[in-house]
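Enquirer:
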């Protein structure tokens with residue numbers, strides 16, 4: 027079992043593994059500050075991406091990607107991917 031890792035950006039929550047439902051692409055996310063890291067990236071502040079920007083790019087929309095969507099429409103937890 028992996029030790030929980032505190033988000034380096036906000037230090038308010040733990041980072042957890044998730045995957046996009048459309049293609050299974052994995053990432054690590056802090057649900058408190060919406061910081062996202064891809065598997066090949068070190069979980070540090072300079073490497074963090076903002077969840078809304080990543081989701082907007084994946085959906086091909088500008089600005090707020092959520093509209094009628096909620097997180098569970100787009101991605102799901104992937105606890106087996108704990109690093």
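Residue numbers (this note's numbering): 27 to 109. For each residue, glycine too, the CB sits at the ideal point set by N, CA and C.
Does residue 29 pass the burial test, meaning 16 or more other C-beta atoms within 10 Å, or should it be called exposed?
Expert: Position 3 of the chain shown, counting from 1, holds the residue named residue 29. Residue 29 should be labelled exposed.
Enquirer: If you follow the alpha helix (DSSP H) that residue 84 is part of, which residue opens it and which one closes it?
Expert: Locating residue 84 in the chain shown gives position 58, where the first residue counts as 1. First-last of the alpha helix (DSSP H) with residue 84: 77-85.
Enquirer: Since residue 52 and residue 45 should fall inside the 8 Å C-beta cutoff, what is the C-beta to C-beta distance between them, to a whole number of angstroms?
Expert: Locating residue 52 in the chain shown gives position 26, counting from the first residue. Locating residue 45 in the chain shown gives position 19, counting from the first residue. Yes, residue 52 and residue 45 are in contact; Cβ-Cβ is about 5 Å, under 8 Å.
Enquirer: Under three-state DSSP, which class holds residue 54?
Expert: Counting from one through the chain shown, the residue named residue 54 turns up at place 28. Note: residue 54 maps to strand in three-state DSSP.
Enquirer: Does the distance from the C-beta atom of residue 77 to that of residue 60 stay below 9 Å?
Expert: Against the chain shown, residue 77 aligns to sequence position 51. Against the chain shown, residue 60 aligns to sequence position 34. Their beta carbons are under 9 Å apart, which means residue 77 touches residue 60 by this criterion.
Enquirer: In its own chain, which residues sit with a C-beta less than 8 Å from the C-beta of residue 36, not counting the 5 before and 5 after it?
Expert: Here residue 36 corresponds to residue number 10 of the chain shown, with the count starting at 1. Contacts found: 56, 58, 59, 61.
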